[in-house]
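*Asks:*
Number of protein chains: 2
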Amino acid sequence: MSSVKPPSQIAHIGIAVKDLSRTVPFYTELLGLHLVGYETVESENVRVAFLQIGSTHIELLEATSTDSPISRFIEQKGEGIHHIALEVDDSVERLSFLKKQGVKLIDEVPKQGAHGSLVAFLHPKSTNGVLLELCQRGAR
Amino acid sequence: MSSVKPPSQIAHIGIAVKDLSRTVPFYTELLGLHLVGYETVESENVRVAFLQIGSTHIELLEATSTDSPISRFIEQKGEGIHHIALEVDDSVERLSFLKKQGVKLIDEVPKQGAHGSLVAFLHPKSTNGVLLELCQRGAR
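Those protein sequence lines, which keep their order, are chains R and V.
For the first sequence, this note's numbering begins at 879 and goes up steadily by one.
For the second sequence, this note's numbering begins at 879 and goes up steadily by one.
#1: Would you call the stretch 947-959 of chain V and the stretch 906-914 of chain V in contact, with 3 or more CB pairs under 8 angstroms?
#2: Under the three-state reduction of DSSP, which class applies to residue 920 of chain V: helix, strand or coil?
#3: Between residue 887 of chain V and chain R, is there a C-beta pair that is closer than 7 angstroms?
#4: Give me, in chain order, the residues of the same chain whose beta-carbon lies closer than 8 angstroms to that of residue 888 of chain R; leave out the 5 immediate sequence neighbours on both sides.
#5: Relative to the C-alpha of residue 953 of chain R, which candidate in R:1011, R:892, R:884 and R:896 has its C-alpha closest?
#6: Taking the continuous beta strand (DSSP E) assigned at residue 938 of chain R, which residues delimit it?
#7: Please return the same chain residues whose Cβ sits closer than 6 angstroms to the Cβ of residue 946 of chain V, not counting the five positions on each side in sequence.
#8: Along the alpha helix (DSSP H) that carries residue 1012 of chain V, what are the first and last residues, could you check?
#9: Considering only the alpha carbon of each residue, which of R:986, R:1003 and R:1006 lies closest to residue 1012 of chain R?
#10: Could you tell me the alpha carbon to alpha carbon distance between residue 994 of chain R and residue 949 of chain V, rounded to whole angstroms?
#11: Is residue 926 of chain R helix, strand or coil when you go by DSSP?
#12: Going straight from the alpha carbon of residue 1003 of chain R to that of residue 882 of chain V, what length do you get?
#13: Say whether chain R places a C-beta atom closer than 7 angstroms to the C-beta of residue 908 of chain V.
#14: Is there a C-beta anywhere in chain R that falls below 7 angstroms from the one on residue 956 of chain V?
#15: So residue 933 of chain R contacts chain V; which residues on that side make the cut at Cβ distance below 8 angstroms?
#16: Closer than 8 angstroms by beta-carbon distance: list the chain V residues that pair up with residue 892 of chain R, in chain order.
#17: To the nearest angstrom, how far is it from the Cα of residue 898 of chain R to the Cα of residue 1015 of chain R?
#18: Buried or exposed for residue 901 of chain V, going by 16 or more other Cβ atoms inside 10 Å?
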């Protein structure tokens, strides 16, 4: 069992969509969720719409270029749930622990995410096909 | 805009897995999440492992028969994220509102879910490929 502090909550759920302007109204007008705002994450070539639900978010992800992981995901699998982000206090420590345990990582070092967060993805090969993100609030 | 009360939180995220006994240890021993317990949901032909994360759960779903929606999902897409459940106060009212707005429903009437909840799925054709469940705590 790890001595690293466990994830405290679902930070967000990422959903790959083709067109934010056509998808956001379903979540706001039909489901009644609150749209917090938009942000473009240059490192991932995505534009994100943040929808508040309880203490967590649904993030709708639209590619801003054909290089975006979201473009490739939609090409291969169509629109749908892309990843789950788990909120952690120390992403570096958790990544190091997972690596030692033989878990395959996409990002061995956390990178800049939305809202100044630090994020790192685990490889779906080590997580039964689930793209899991570790997400640490606030930048260093 | 709907006058129906919006979903209050993510009730759970459902993940389709082939074998709970091989998957649960990743979430408990490597990610450090707390295993709340197991339940078999006869109506869906699934055995569920509940993992607590913050105020919500990750549900790992293993088919108990080849008739299970989880068997069919894994055959078609492999293991991975299966659905997102949104906690609502009145699933009947929300379903009625969504139907009036032209949203395609898998369940027009809520059915019995885990822990005595009432659950209903929206059709992915109306939700950009995302299988969304409305989940209302406690049975009537």
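Every residue, glycine too, gets a C-beta built ideally from N, C-alpha and C.
*Replies:* This is what the structure holds:
#1: no
#2: helix
#3: yes
#4: 934, 962, 963, 964 and 965
#5: R:896
#6: 934-941
#7: 923 and 924
#8: Segment 1010-1014 is the beta strand (DSSP E) holding residue 1012 of chain V; no alpha helix (DSSP H) there.
#9: R:986
#10: 40 angstroms
#11: strand
#12: 41 angstroms
#13: yes
#14: yes
#15: 887, 932 and 933
#16: Near residue 892 of chain R there are no residues of chain V at all, since even the closest Cβ is about 10 angstroms away, more than 8 angstroms.
#17: 24 angstroms
#18: buried
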